[in-house]
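The sequence shown begins at 65 in this note's numbering and counts up by one.
This report concerns only the one structure given below.
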Amino acid sequence: MITRVTQQTQALSAQRNLQTGLAEMARLQEQATSQKKLARPSDDPVAAADAMRVRAGAAAENQYGRNIDDGNGWLTTIDSALNSSLNVMHRVRDLVLQGASETSSPASREALALEIEELREELLGRANTKYMGRTVFAGTSDAGVAFTEDLSFTGVAGSSVQRRLGPDTAVRVDADGAAIFGEGAGSVFALLDTVVADLRGGGKVSNNLDALDGRMKAMVAVLADVGARHAHIEKADTAHREKVLTLETQRSRIEDVDMAEAIMDLQLQELSYQAALGVTAKVLQPTLMDFLA
């Protein structure tokens, strides 16, 4: 059977081809303007699924980045507070040695006692150090202070503040104030009260040196542990930055267009469309019969 191709059939076919070319040109123009390959998931479902996976990974890494920054803030605050506390303790020890001298007069011992009282208040302030409104030495406590005026420790036994640095990695970012400063009658603050009482009462203040040294050793030990945790966070931060860069590269490869290539494709499509228009206009020239039909 012979199929006759009519003028109308040719016109419809040419019109479809022109519309297809125009749609492709519009798509390329949209890509060049937005600089994105994917304007909608239907453009490339497989690439859209890959892009969603990469973006989900990037969102998780962004959260890990915030956790790393927060953990750094906690540990930096603790490091500063402990170093300041150690300086206070060194000064107290020097004053105790001065007070232990047999040549110390009652007036000089009173002056030493007054300074140690001031140092005790400074040390209590360091023990109640906060970061972003949270006490860094009281774990998950929301009491507002780690140590009250009666020297009670407000922290919850066994609790700790953790920050997740990756899918399988978490680090503790607080410190146990009870282990560092003690609590109640066994605290370093009560110890300084005893030193002050001995200075004013004529007691043998040198008897407190071992207890002072013990508290200083505890502070140094925690400082070393904080330093190790800080180093762990720094390593996690380096790995996090590399992962973020990798994910961004993957996302860009999936979603972003090569502008030089996009402009070239658009220009070629425009030339093709203009050529198609010209050819169609010459081949399908209207006659009087087209208007009478």
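Where is the CB? At the ideal position from N, CA and C, for every residue including glycine.
Treat the numbers as computed from the prediction; the structure is a model and nothing was measured.
By the Cβ-count criterion, His-304 is buried, with 16 or more other Cβ atoms from all chains shown falling within 10 Å of its own Cβ. Taken atom to atom, the span from the alpha-carbon of Val-308 to that of Val-252 is near 45 Å. Pairwise C-beta distances place the region 227-236 out of contact with the region 141-152, as fewer than three of them are shorter than 8 Å. Cβ contact annotation for Leu-159 (same chain, cutoff 7 Å, sequence separation greater than five): Leu-176, Glu-179 and Ile-180, in chain order. According to the DSSP secondary-structure assignment, Arg-198 is paired through a beta bridge with Tyr-195. Here Ala-113 is exposed. Its C-beta has fewer than 16 other C-beta atoms within 10 Å.
Under the three-state reduction of DSSP output, Val-110 falls in the helix class. According to the DSSP secondary-structure assignment, Gly-230 is paired through a beta bridge with Thr-233. When the Cα atoms are used, Gln-226 and Asp-240 turn out to be separated by approximately 13 Å.
Remark: three or more beta-carbon pairs, one from each stretch, lie closer than 8 Å, so the region 287-307 and the region 122-136 are flagged as touching. By the Cβ rule, the region 151-167 counts as touching the region 265-277, because three or more pairs are nearer than 8 Å.
Note on geometry: alpha-carbon atoms of Ala-249 and Ala-292 lie some 31 Å from one another.
Annotation note: the region 218-282 contains the following uninterrupted alpha helix (DSSP H) runs of length 4 or greater, listed N- to C-terminal: 241-245 and 252-265. The C-beta distance from Ala-254 to Gly-219 rounds to 17 Å, too long to meet the 8 Å contact threshold. A direct Cα-Cα distance of roughly 33 Å separates Ala-202 from Ala-122.
Pairing Arg-157 with Leu-276 gives a Cβ-Cβ distance under 8 Å.
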